[in-house]
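Asker: Below is a structure I'd like to ask you about.
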Amino acid sequence: MTFSSDDYELLKTGMLSDCQIKCEGKTWNLHKSILCARSKYFMRCLTGDWPEAKTGIVEITCVTEKQMDLLINYIYTGVFDFYSVCQNDTFLHTAIQLWTLGDYFLVKVLCSEVESELTAYTLSRTQRAAIFTGMHQPSPQDWVNVGRLLYTDYQDVDNTHILKATFLEITLGKPWARKLHLQMPEFKTLCQEQPDFGSDCMIKLVDDGVQRLQISGITGRIGEERLNFPLR
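If you read the sequence shown in this note's numbering, its first letter stands for residue 6, the second for the next number, and so on.
Written out as structure tokens, the structure reads:
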């Protein structure tokens, strides 16, 4: 969803600003009408009897300045350049960060866009891999960074959560993907660091109908001693 270019001009110039967001020493001069229309979080902060509504100043301490800048730019433009992060091999990690920002600050359109991009990413890689095996491999470092993020920050949710389910689908959803990821040293590293990831992998394989013989061969890479999951 792309918003008016006039909104971006207001962001750049700070013209007619009537509120401020502060994060890690940086201050953005912004506009209540735009923030409140596109984020229920800021709607709650900047209206009613909240102190922020009286001062017009919102202090953010839960994210970094860089993350806040990404969110504000999206709120004002409705655009994020996913192509650029694909080019520098940080697509997955950036997408998860954006979804988390959208979820926390209640910018649902951002969450929806990230989910669409992740789906498109998965499908495009599936098609490419079927035609050009090995030529479109994901960045192992990007992959393991996302795994660590998900199984640390989202440890209290199960494997049906949209982000974990998507990550598992990217990792194991297709035979070529299973082969590719299981061969990465980062796969074993993540299983050792995050036992729940190994368990979720086994559940995913069983739910997808992968044959018992294949699963038995995979457990060696996952680390069978770390799993509490009966084969059936």
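Yeah, the Cβ is synthetic: ideal placement off N, Cα and C, and Gly gets one too.
It should be emphasised that the depicted structure is a prediction, and the values quoted were computed from it without experimental measurement.
With tryptophan 55 as the anchor, note down where its alpha helix (DSSP H) starts and where it stops.
Answerer: Run containing tryptophan 55: none; DSSP gives neither H nor E here.
Asker: Just curious, the alpha helix (DSSP H) that lysine 27 is in, first and last residue?
Answerer: Unbroken run through lysine 27 is the beta strand (DSSP E), 24–28; no alpha helix (DSSP H).
Asker: Assign asparagine 164 to one of three DSSP states: helix, strand, or coil.
Answerer: Looking at asparagine 164 - three-state DSSP - the assignment turns out to be coil, as it is neither helix nor strand.
Asker: Return helix, strand or coil for valine 63, following the three-state DSSP convention.
Answerer: DSSP places valine 63 in strand when its eight states are reduced to three.
Asker: With C-beta atoms as the reference, is asparagine 164 less than 8 Å away from aspartate 205?
Answerer: Contact flag set, yes.
Asker: Under 7 Å Cβ to Cβ from serine 44, same chain only, skipping five residues before and after it: list those, please.
Answerer: Taken in chain order, the residues that qualify are Ile80, Phe110, Leu111 and Val112.
Asker: Counting C-beta neighbours from all protein chains within 10 Å, is the total for cysteine 67 16 or more, i.e. buried, or is it exposed?
Answerer: Classification of cysteine 67: exposed, given that the 10 Å Cβ count is below 16.
Asker: Starting from leucine 35, follow its DSSP beta bridges and name the residues at the other end.
Answerer: According to DSSP, leucine 35 bridges with Cys24.
Asker: Return the CA-CA distance between leucine 40 and serine 144, expressed in angstroms with no decimal places.
Answerer: Each residue's alpha carbon lies about 35 Å from the other.
Asker: Residue range of the alpha helix (DSSP H) that phenylalanine 85 falls in?
Answerer: Element bounds for phenylalanine 85: n/a, residue is neither H nor E.
Asker: Would you identify the three-state DSSP class for aspartate 94, choosing helix, strand or coil?
Answerer: Of the three classes helix, strand and coil, the one that applies to aspartate 94 here is coil, per DSSP.
Asker: Kindly indicate which residue of Leu21, Glu57, Leu195 and Glu14 has the alpha-carbon position closest to the one of asparagine 78.
Answerer: Taking only the C-alpha atoms, the option nearest asparagine 78 is Glu14.
Asker: Leaving aside the five residues before and after aspartate 23 along the sequence, list all residues of the same chain whose C-beta is less than 7 Å from its C-beta, in chain order.
Answerer: Closer than 7 Å at the Cβ level, and outside the excluded window around aspartate 23, lie His36, Lys37 and Gly61.
Asker: Three or more beta-carbon pairs under 8 Å between the segment 167–186 and the segment 207–214, yes or no?
Answerer: Yes, the segment 167–186 touches the segment 207–214.
Asker: Is it buried or exposed, threonine 171, if we count other Cβ atoms within 10 angstroms and call 16 or more buried?
Answerer: With 16 or more other Cβ atoms within 10 Å, it is buried.
Asker: Count the other C-beta atoms from every protein chain shown that fall within 10 angstroms of the C-beta of glutamine 146, then say buried if there are 16 or more, exposed otherwise.
Answerer: Glutamine 146 comes out exposed.
Asker: Kindly indicate which residue of Pro190, Thr105, Leu97 and Glu70 has the alpha-carbon position closest to the one of glycine 30.
Answerer: Cα-wise, what sits closest to glycine 30 is Glu70.
Asker: Does DSSP put aspartate 11 in a helix, a strand or coil?
Answerer: In this structure, aspartate 11 counts as helix in the three-state DSSP scheme.
Asker: If I measure Cβ to Cβ from alanine 100 and keep anything under 7 Å in the same chain, skipping five residues before and after, which residues do I get?
Answerer: Cβ within range, chain order: Val119, Glu122 and Leu123.
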